[in-house]
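**Student:** The opening position of the sequence shown corresponds to residue 136 in this note's numbering, with each subsequent residue numbered one higher.
Below are the structure tokens for one structure; questions will follow.
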Amino acid sequence: MGGLVAIHQPNFFPWLGYFDKIRRADVFVLLDVVDYPRSGSGGMGSWSNRVRIGIQGEARWVTCPIRRLPLGAPLNAAEIDDDQPWRRKMIGTLQASYGKAPRFREAMALLQPLFEQSETNLAAFNIAAIKAIADHLGLATRFQRQSELPHAGKATELLISLVKAVGGDAYLAGGGAGGYQQDELFEQHGIRLVSQGFVPQAYGPHEAFIPGLSVIDYLMWDGRPATELPGGSHD
């Protein structure tokens, strides 16, 4: 069957580079049964449950609280802590931070139902949001969950097994894989390695563009379809 495969954890309202990866891939595999990622301090915060948005001209964290997990628990075991009124606060933060943005109404029509969805499993919540935003941006990439596919190994071996599981012959590598990825193993398994090389570019009528913010920022200020995503990438 062939095709270019991208693989990533289902992050919380991720940045534009994530959606560029979806745009370029034929199949996008969501890693939902890898170990829940933790910050360097050992805390529960990670890209799985927090992201930065623009607040008063600065990049600030917004967080989806989760219930404590034991070390080594899979990502799809993480449950959202709705004892905290984070959903209402998040919507209020977006209204206060982006109320004057040119695409605010359109963006909130998409985002508010995603924040208000009843799903309490973090992986499922994130996947629903990612798929909805990808559809809104006009992306036709096929999504697969790791938990629905045969897979084996860790690190590079896991990636190779997932590429094979979906019938791919090429793997799209992002910029953050250098610490664990063994490039030579892809070639040994007949899989072509493609570098994403995404470089964010300014969008919208920003007075001070901040790269690396959540896709929320892009939807508020610009919102063009994914075929026009502002950012360079190369094979």
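Virtual Cβ for every residue (Gly too), placed ideally from N, Cα, C.
Closest to residue 144 by CA distance: which of 205, 338, 210 is it?
**Tutor:** 210
**Student:** CB-CB under 7 Å to residue 294, same chain, minus the five flanking residues each way: which ones, in chain order?
**Tutor:** 142, 306
**Student:** Can you tell me which residues form a DSSP beta bridge with residue 150?
**Tutor:** Per DSSP, 349.
**Student:** Roughly how many angstroms separate the alpha carbons of residue 154 and residue 361, rounded to a whole number?
**Tutor:** 8 Å
**Student:** For residue 200 versus residue 219, is the C-beta spacing smaller than 7 Å?
**Tutor:** Between residue 200 and residue 219, the C-beta spacing is below 7 Å.
**Student:** Using DSSP with H/G/I as helix, E/B as strand and the rest coil, what is residue 306?
**Tutor:** strand
**Student:** Using a Cβ-Cβ cutoff of less than 8 Å, which residues in the same chain neighbour residue 212 once the five nearest sequence positions on both sides are dropped?
**Tutor:** 171, 204
**Student:** Using the DSSP secondary-structure output, state which residues sit across from residue 277 in a beta bridge.
**Tutor:** 162
**Student:** On the three-state DSSP scale, how would you describe residue 194?
**Tutor:** strand
**Student:** Look at the alpha carbon of residue 347 and the alpha carbon of residue 285, and state the distance between them as a whole number of angstroms.
**Tutor:** 33 Å
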